[in-house]
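Number of protein chains: 2
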Amino acid sequence: MRPTVHDIAESAGVSLATVDRVLNDRPGVRAVTRAKVEAAIAALGYVRDVAAANLAKGRVYPLVFIVPAGENPFMRALEAEIRRAGRHSAAERTRLSVVTVPVFDAAALAAAIDAAAVSDAAGIAAVAVDAPEVAAAIGRAREAGIPVVTLVSDLAASGRDHFVGVDNIAAGRTAGSLMGRFLGGRPGPVAVLAGSMRVRDHRDRLEGFLAAMAAMPVHRAVLPVLEGQDDPAVSQERIAGLLAAVPDLAGLYSLGAGNSGLVAALAGRSDICVIAHELTADTRAALEAGVIDAVLNQDAGHEVRSAVRVLRAKADGLPVIAAQERIRIDIFIRDNLPPAAEEEPHQGD
Amino acid sequence: MRPTVHDIAESAGVSLATVDRVLNDRPGVRAVTRAKVEAAIAALGYVRDVAAANLAKGRVYPLVFIVPAGENPFMRALEAEIRRAGRHSAAERTRLSVVTVPVFDAAALAAAIDAAAVSDAAGIAAVAVDAPEVAAAIGRAREAGIPVVTLVSDLAASGRDHFVGVDNIAAGRTAGSLMGRFLGGRPGPVAVLAGSMRVRDHRDRLEGFLAAMAAMPVHRAVLPVLEGQDDPAVSQERIAGLLAAVPDLAGLYSLGAGNSGLVAALAGRSDICVIAHELTADTRAALEAGVIDAVLNQDAGHEVRSAVRVLRAKADGLPVIAAQERIRIDIFIRDNLPPAAEEEPHQGD
DNA sequence: CTGTTAGCGCATTCAC
DNA sequence: GTGAATGCGCTAACAG
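Chain order of the listed sequences is A and B. For what it's worth, the numbering used here labels the leading residue of the first sequence as 61, then goes sequentially. For what it's worth, the numbering used here labels the leading residue of the second sequence as 61, then goes sequentially.
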């Protein structure tokens with residue numbers, strides 16, 4: 061059997077309580093005693109049984125997730141993953157709650173963060189909006205000792221503890237690279253549809269995309285960015301206009317949401333190379349139909365679980381192994397689509 | 061607080077032991093009593109605290125992983141992931157051990173399975189070889205009540221409890237589809253390098269690849285399969301011969317291992333579209349250098365953790381949600397490469 | 001068939 | 001400064 065606290069207590073000639081003080085780095089232990097205990101710990105190769113520790117602590121971690129409201133399918137999937145994680149979070153002694161705020165509404169987001177902070181939240185995860193009042197609210201929460209992570213969209217200036225999401229510049233580069241290879245020597249310009257250039261992740265994706273396109277062996281024109289506000293109707297209108305104006309369009313990169321509108325506007329035009337973000341019902345269907353050629357995805361489930369792990373670690377004052385929490389950029393084409401999500405997918409991976 | 065066994069015992073008017081019997085579906089409870097308890101469980105919305113349950117059980121699950129020996133980088137990565145999982149398996153009360161057997165050696169594999177079965181193994185995970193004696197050994201283990209899962213390479217005929225690995229036909233299709241799109245209208249035949257056509261996963265990948273190539277709008281010749289025995293030296297020789305014999309080669313699909321030899325033979329020929337399997341140091345470097353264009357990967361860490369979950373579930377007689385345990389086919393190009401693995405990556409996702 | 005009791009490994013009062 | 005005792009939620013003998 062693995063050594064337990066009893067073993068190290070006996071081996072060090074002290075009591076359980078003292079061992080516990082050393083283990084949890086609490087005061088009230090003489091340096092010599094501490095050294096003895098630490099020696100025993102090292103000698104026996106003790107590793108704490110986290111499950112038992114949590115059981116004994118009895119402490120629960122109320123974590124608040126703040127996500128934008130609205131129809132954005134990815135955000136709804138994210139919310140669903142939070143709720144799912146919440147149901148399975150029993151063992152981790154976390155209690156997850158979701159708060160939705162109007163899209164792009166900095167004031168509402170700031171208010172939600174403040175509200176979470178005054179509640180007994182042990183941690184806050186929020187899809188950030190790039191605005192000073194949001195940064196200020198995050199600052200206040202952290203001032204109050206509550207760890208905060210940004211989710212999907214970052215706000216580095218806020219001093220948040222951690223960002224859970226993908227490297228969006230790399231995502232844009234990946235899109236550009238795939239687009240270039242898929243198009244090969246075929247002529248014609250490519251267009252970009254974004255949600256809003258006021259959002260950080262969209263700016264990053266565009267930057268990466270342009271860089272990758274510029275690095276391609278054959279030059280290809282990239283048309284001015286269209287903004288669809290992540291809204292299907294607006295996006296559809298923009299794309300319809302684009303198709304009418306640019307008959308020889310070769311490719312289209314949709315780096316935001318609102319893809320159902322895009323698909324509707326495209327209406328079977330499978331000659332254009334289309335790359336979009338986030339695997340949702342819309343993009344999956346379009347991929348299967350051959351309207352979209354590739355989808356870049358960030359796994360919402362992974363992100364939620366990562367956020368929970370990070371917040372718990374921060375709440376306990378434990379370190380976070382950044383490399384371990386990196387979120388991957390998944391590439392999906394028609395042939396490697398995972399089976400459609402059913403009842404209760406995922407738990408570990 | 062969440063309801064506990066005490067709450068449901070009180071609510072149902074029975075003792076803890078009875079509640080436990082119902083929860084764990086053990087005999088010795090009258091139907092009426094059982095019904096009462098189940099009603100209380102449902103009414104209170106009770107969910108068992110697995111961590112506490114495991115703590116109380118004290119039971120450990122010795123799981124044996126059997127993987128091929130040799131230099132195959134993917135297999136070594138798999139072994140590393142098993143050891144890593146072993147170090148973190150404390151909380152899950154599993155004890156992982158690794159046994160290596162000579163590559164493609166059915167007799168040795170069968171013997172290893174038998175040996176694991178006579179030890180006190182609670183479960184066996186093995187990279188299967190397609191041979192009757194292996195199937196027989198798996199049958200014996202299962203006869204002895206020991207759950208068995210096949211890992212990476214399946215052997216459905218053995219009656220194994222579960223297969224942990226990717227859909228290799230889909231993987232081949234993905235490779236073919238990418239190859240076709242990357243090549244576009246460019247002329248020239250494509251070649252396939254396999255390890256051995258006697259292995260199931262290689263046959264599956266080939267099948268998928270051929271199907272995808274055949275489905276492409278432009279016809280493209282696929283040369284007869286080369287077999288490199290998953291060996292770098294043999295592979296290098298085969299590829300060198302290929303390059304000499306087919307000057308207008310357009311693409312190359314490496315569906316097995318031995319990729320370091322392939323890269324050596326290619327020596328900077330970045331004009332050929334190359335797609336390979338498994339992200340290892342070799343393939344990563346070749347991807348970054350532009351020698352390999354895409355790598356299809358199965359995440360060894362995910363596979364190990366899935367195998368552990370499945371074996372534990374089977375050992376406890378619990379159901380396995382298949383959809384939850386599906387292993388994805390990752391596509392990597394130069395631009396979405398994850399950071400190189402460092403010290404202690406992964407834990408959850 | 002059902003109930004009592006004693007831990008699993010750890011954290012935490014409260015004494016000394 | 002240090003130790004003894006109690007309990008987290010659950011399981012597993014052992015009684016009845």
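Glycine included, every Cβ here is placed at the ideal spot set by N, Cα and C.
Problem - GLU287 of chain B (DSSP reduced to helix, strand or coil) - result: strand
Exercise for the section: Report the neighbours of LEU371 of chain A on chain B: residues whose CB is nearer than 7 angstroms to its CB, in chain order. Expected result: Result: empty, since nearest Cβ-Cβ is about 13 angstroms, beyond 7 angstroms.
Practice task
Determine the contact status of GLY240 of chain B and VAL278 of chain B, defining contact as a CB-CB distance below 9 angstroms.
Solution key: yes
Problem - Closest Cα partner of ARG372 of chain A within the set A:ALA168, A:ARG90, A:ASN114 - result: A:ASN114
Handout entry: THR353 of chain B at chain A interface by Cβ criterion, 9 angstroms
Key = For the record, residue 353 of chain B in the displayed sequence is Asp; it is not Thr. Yes, contact with chain A.
Exercise for the section: Evaluate contact between the stretch 228-240 of chain A and the stretch 334-346 of chain A, counting only Cβ atoms and requiring at least three cross-stretch pairs below 8 angstroms. Expected result: yes
Problem - Inter-residue Cα distance where the pair is GLY328 of chain B and ARG265 of chain B - result: 26 angstroms
Practice task
Check each residue of the stretch 237-248 of chain A: if its Cβ is closer than 9 angstroms to any Cβ of chain B, include it; give the result in chain order.
Solution key: Within the stretch 237-248 of chain A, the qualifying residues are SER237, LEU238, ARG241, PHE242, LEU243, GLY244, GLY245, ARG246.
Handout entry: C-beta neighbour in chain B for ARG265 of chain A, strict 9 angstroms
Key = no
Practice task
At 3 residues or longer, and completely inside the stretch 341-391 of chain A: list those beta strand (DSSP E) runs for me, N to C.
Solution key: 354-357
Practice task
Return helix, strand or coil for SER149 of chain B, following the three-state DSSP convention.
Solution key: coil
Exercise for the section: Give the C-beta separation of GLY225 of chain A and LEU211 of chain A to the nearest angstrom, bearing in mind that I take them to be a contact with Cβ-Cβ under 8 angstroms. Expected result: 6 angstroms
Practice task
Give a yes or no on whether 9 angstroms exceeds the smallest Cβ distance from GLY328 of chain B to chain A.
Solution key: Answer no: the Cβ-Cβ gap between GLY328 of chain B and chain A never drops below 9 angstroms.
Exercise for the section: At 7 angstroms on the CB atoms, spell out the chain B contacts of LEU315 of chain A, in chain order. Expected result: Those do not exist, as LEU315 of chain A stays about 14 angstroms from chain B at its closest Cβ, beyond 7 angstroms.
Problem - HIS406 of chain B classed as buried or exposed, judged by whether at least 16 other C-beta atoms fall within 10 angstroms - result: Because HIS406 of chain B carries a pLDDT of 47, less than 50, the predicted location of this residue cannot be relied on, and the following value inherits that uncertainty. Answer is buried; the Cβ neighbour count reaches 16.
Problem - Length of the line joining the Cα atoms of THR154 of chain A and PRO122 of chain A - result: 6 angstroms
Problem - Where ILE335 of chain A sits in the DSSP three-state scheme - result: strand
Handout entry: Contact with chain A by ILE68 of chain B, beta-carbon distance below 9 angstroms
Key = No, ILE68 of chain B does not count as interfacial toward chain A.
Practice task
Can you pull the chain B residues whose beta carbon is under 7 angstroms from the beta carbon of PRO399 of chain A, in chain order?
Solution key: Within 7 angstroms Cβ-Cβ: ALA383, ARG386.
Practice task
Leaving aside the five residues before and after GLU403 of chain A along the sequence, list all residues of the same chain whose C-beta is less than 8 angstroms from its C-beta, in chain order.
Solution key: Annotation note: pLDDT 47 at GLU403 of chain A (below 50); position unreliable, no value reported.
Problem - In chain order, each alpha helix (DSSP H) run of at least 4 residues that lies wholly inside the stretch 231-297 of chain A - result: 260-274
Exercise for the section: Using 10 angstroms around the beta-carbon of MET273 of chain B, count the other beta-carbons present and answer buried if the total reaches 16, otherwise exposed. Expected result: buried
Practice task
Please confirm if ILE393 of chain A has its CB atom under 9 angstroms from at least one CB of chain B.
Solution key: yes
Exercise for the section: Measure from the C-beta of ASP390 of chain A to each C-beta in chain B and report whether the shortest distance is under 9 angstroms. Expected result: yes
Practice task
State yes or no: is the C-beta of LEU397 of chain A nearer than 8 angstroms to some heavy atom of the ligand FMN?
Solution key: Although the ligand FMN was asked about, the structure shown includes no ligands whatsoever.
Practice task
Pair every Cβ in the stretch 244-257 of chain A with every Cβ in the stretch 309-326 of chain A, then say whether three or more of these pairs are closer than 8 angstroms.
Solution key: yes
Problem - Endpoints, the alpha helix (DSSP H) within which PRO192 of chain A is located - result: 192-203
Handout entry: Reduced DSSP category for PRO133 of chain B - H, G, I as helix; E, B as strand; rest coil
Key = In the three-state reduction of the DSSP assignment, PRO133 of chain B falls in the helix class.
Problem - Proximal residues to MET135 of chain B (C-beta, below 6 angstroms), its chain only, five neighbours per side dropped - result: VAL127, PRO128
Exercise for the section: Check whether the Cβ of LEU253 of chain A lies closer than 9 angstroms to any Cβ atom in chain B. Expected result: no
Handout entry: Reference ASP227 of chain B; option with closest CA among B:THR160, B:LEU156, B:ASP359, B:ALA111
Key = B:ASP359
Exercise for the section: Could you tell me which residues DSSP pairs with VAL127 of chain A in its beta bridges? Expected result: A:THR160
Problem - Where LEU115 of chain B meets chain A, residues with beta-carbon distance less than 7 angstroms - result: ALA111, ALA112, LEU115
Handout entry: Residue span of the alpha helix (DSSP H) that contains ARG320 of chain B, given as start and end
Key = Rather than Arg, the amino acid found at residue 320 of chain B in this sequence is Ser. 319-326 is the extent of the alpha helix (DSSP H) around SER320 of chain B.
Problem - Proximity test, Cβ basis, 9 angstroms: ASN84 of chain B and chain A - result: Answer no: the Cβ-Cβ gap between ASN84 of chain B and chain A never drops below 9 angstroms.
Problem - Per-residue burial, PRO207 of chain B [other beta carbons within 10 Å of its own, 16 or more giving buried] - result: buried
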